[in-house]
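See below for the structure under consideration.
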C-alpha cells in the first residue's frame, strides 16, 4: 500500500529545519537512532519499536524519523489479508514502529466550506437548478495522536475519562496490576488518555487533523466497530439505526414562506462538536434563514426528508451519545465492560457456551478488554477503518482554524496554543441568565445605593449645621 502523504501540524517548523540542516546527515546509510531503548512488541517475534521523542533538543534526524512515521499514520498491512486487523505496527524509513495501542483519536466537530479546494469541487460537484454550481461542503473533523512513551501494556496502560460519571476511570490499570505496591494509582505509569486536553500534549503528540466529506460513512465505521463496545444501554441501537438521518448535501424542504420562497436544509454545526439541521434560503445552503415565519421544528413535523430526519428530542439524544468521542479514545477498539451497550447479551451467551471468538494474537491484555464488534472483528483498529473505508482527506492548518472560527468544534491545540471552546469532559451547555436572580441583585443594589446616597446627604447636612455654630461654645445635642 502506498504511504498516505499526511503532515503534522505540530512539527511543521521542525520538519523544515530537518530538511535544511539534516539533509547531509540523512544521506548516510546508517538509520538514525532516537536514543531510546528498543521495546519488543508482544507476540511479534523479532519486531521492536523505538520511541521517537518530539521534545526540544532532538536532532533533525530524529525529527525527520517522527515525520516519516506520521506520514504512515493508519498504514497497515492490507485489510484483505487474514486477520489483518491484528497487525499492530506502523513503520517509517528509519524502521521505527508505533504500536496501534499507542495511538489515539478524537472527534473534533464540523465546519462548512463554501469555497472548497479545486480537487474537492471536482470530486463532490453537484447539479443545482440544472446548472453546475460549487456547493457548500460540510466536513467532519477528527484528530489522531501517538503516545511516544508507550511501554506495551495495551489498554491497561491508560485511564479513561468516563463521560457518564464525569471522572477518570482507572479500572483498566487496576485489572492488569498497573498499580503501586500499596494498590494506589501512579499517574506516571497509569497515564491519562487525555489527548483532548491541552495538558495531554505531555504524552500525546498530534499526528494530524483529518476531514470527512462523506460523514455518514464515517459514522457507520465508528458505530459498528468501536461504538458497539463502548456505548451503554440502547445508545448503540439508536445511533446505528439513525446515522443515515443526516443529509449530505443541500436539500429543498417541502415548506415555503408566504411569498412562495423555498427553504432548504442541511447539516449545521453547533458549539462543542454538536450538530443539528439548519434552514437556508438558497440552494447552496450558504445563507441562514433568520426569519420567524418557519422553524426547523415545523419542517420536521411536516415530514421533510421522507420522514427520516430526527426529531428535536432525538437530536439531543444523538449529541449526548456522541459525547464519548469528544474525548480521547484509543485507536484499538476496546471494552472496559464486557456487557457493553451493543452486546444485547450475545457476548455473555457466547462466553457461557464457550463460543467466544478466539483471543487476538497481539492482545497484550489477554482478552481482558476484548471488543468483538458488530462487523465480526476483534479489537479492530478504528483509525485504520477510517483510513481504508471512508473518503478521508488531510485537513490543513487553514481549514482547522476556519473550523475554530466558525465555532463548531471542541478544542484545537496547535503548537502549544489551544483554540476553540475547550471542554473538560462535560457537555458544553448554553448559559441562560436567571432573570429572577438578576432582579433580586438589582433590588439589593438599589437599596445599597439609596442607603449610600442617604448617608452622603445626612453627612452634608450635618457639616453645614456645624459650620453655623460658635465653635468656641460646647455643642449640645437635644435628646
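Residue numbers (the numbering used here): 5 to 483.
Heads up, the beta-carbon is just placed ideally off N, CA and C, and yes, glycines get one too.
Nothing here was measured: the structure is a model prediction, and the numbers come from that model.
By a C-beta neighbour count over all protein chains shown, 10 Å radius and 16 as the cutoff for buried, is residue i buried or exposed?
{"i": "residue 291", "result": "exposed"}
{"i": "residue 335", "result": "buried"}
{"i": "residue 76", "result": "Residue placement at residue 76 is flagged as unreliable, the pLDDT there being 46, under the threshold of 50; the coordinate-derived value follows with that caveat. Buried, by the Cβ-count rule."}
{"i": "residue 302", "result": "exposed"}
{"i": "residue 451", "result": "exposed"}
{"i": "residue 339", "result": "buried"}
{"i": "residue 307", "result": "exposed"}
{"i": "residue 139", "result": "buried"}
{"i": "residue 454", "result": "exposed"}
{"i": "residue 341", "result": "exposed"}
{"i": "residue 391", "result": "buried"}
{"i": "residue 108", "result": "buried"}
{"i": "residue 116", "result": "buried"}
{"i": "residue 383", "result": "buried"}
{"i": "residue 103", "result": "buried"}
{"i": "residue 270", "result": "buried"}
{"i": "residue 312", "result": "exposed"}
{"i": "residue 118", "result": "exposed"}
{"i": "residue 176", "result": "buried"}
{"i": "residue 245", "result": "exposed"}
{"i": "residue 142", "result": "buried"}
{"i": "residue 403", "result": "buried"}
{"i": "residue 127", "result": "In this prediction, residue 127 scores a pLDDT of 49, lower than 50, which makes its location untrustworthy; the coordinate-derived value is nonetheless stated afterwards. Flag for residue 127 reads exposed."}
Sorted by chain position, which residues of the same chain lie with C-beta nearer than 6 Å to residue i's C-beta, five sequence neighbours on each side aside?
{"i": "residue 223", "result": "247"}
{"i": "residue 557", "result": "An answer regarding residue 557 cannot be provided, because it is not within the stretch 5 to 483 covered by the chain."}
{"i": "residue 243", "result": "227, 325"}
{"i": "residue 257", "result": "267, 269, 303, 308"}
Spatial neighbours of residue i within its chain, please: C-beta separation below 7 Å, excluding the five flanking residues on both sides.
{"i": "residue 331", "result": "110, 165, 167, 200, 429"}
{"i": "residue 207", "result": "151, 153, 195"}
{"i": "residue 262", "result": "297"}
{"i": "residue 387", "result": "78, 107, 109, 148, 335"}
{"i": "residue 410", "result": "115, 116, 273"}
Tell me which residues share the same chain as residue i and place their Cβ nearer than 8 Å to its Cβ, disregarding the 5 neighbours each side in the sequence.
{"i": "residue 277", "result": "111, 112, 113, 114, 326, 330, 412, 413, 414"}
With the cut-off set at 7 Å, would you say residue i and residue j are in Cβ contact?
{"i": "residue 259", "j": "residue 234", "result": "no"}
{"i": "residue 163", "j": "residue 389", "result": "no"}
{"i": "residue 221", "j": "residue 394", "result": "yes"}
{"i": "residue 423", "j": "residue 408", "result": "yes"}
{"i": "residue 158", "j": "residue 105", "result": "yes"}
{"i": "residue 252", "j": "residue 396", "result": "no"}
{"i": "residue 273", "j": "residue 314", "result": "no"}
{"i": "residue 275", "j": "residue 417", "result": "no"}
{"i": "residue 285", "j": "residue 293", "result": "yes"}
{"i": "residue 144", "j": "residue 219", "result": "yes"}
{"i": "residue 289", "j": "residue 337", "result": "no"}
{"i": "residue 174", "j": "residue 189", "result": "yes"}
Just list the residues that DSSP pairs residue i with in beta bridges.
{"i": "residue 206", "result": "Its beta-bridge partners do not exist; DSSP assigns none."}
{"i": "residue 117", "result": "141"}
{"i": "residue 334", "result": "108"}
{"i": "residue 263", "result": "BP columns for residue 263 are empty, so no partner."}
{"i": "residue 373", "result": "According to DSSP, which records beta bridges pairwise, residue 373 is partnered with nothing at all."}
{"i": "residue 162", "result": "195"}
{"i": "residue 215", "result": "145, 397"}
{"i": "residue 172", "result": "165"}
{"i": "residue 279", "result": "273"}
{"i": "residue 382", "result": "376"}
{"i": "residue 515", "result": "Because residue 515 is not part of the residues shown, which for the chain are 5 to 483, the question remains open."}
{"i": "residue 150", "result": "107, 209"}
{"i": "residue 255", "result": "269"}
{"i": "residue 284", "result": "268, 292"}
Answer yes if the region 176 to 187 comes into contact with the region 311 to 322, meaning at least three C-beta pairs across the two stretches below 8 Å, and no otherwise. Per the Cβ contact rule, the region 311 to 322 is not in contact with the region 176 to 187 (fewer than 3 Cβ pairs under 8 Å).
Within 8 Å, do at least three Cβ pairs link the region 367 to 378 to the region 208 to 216? no
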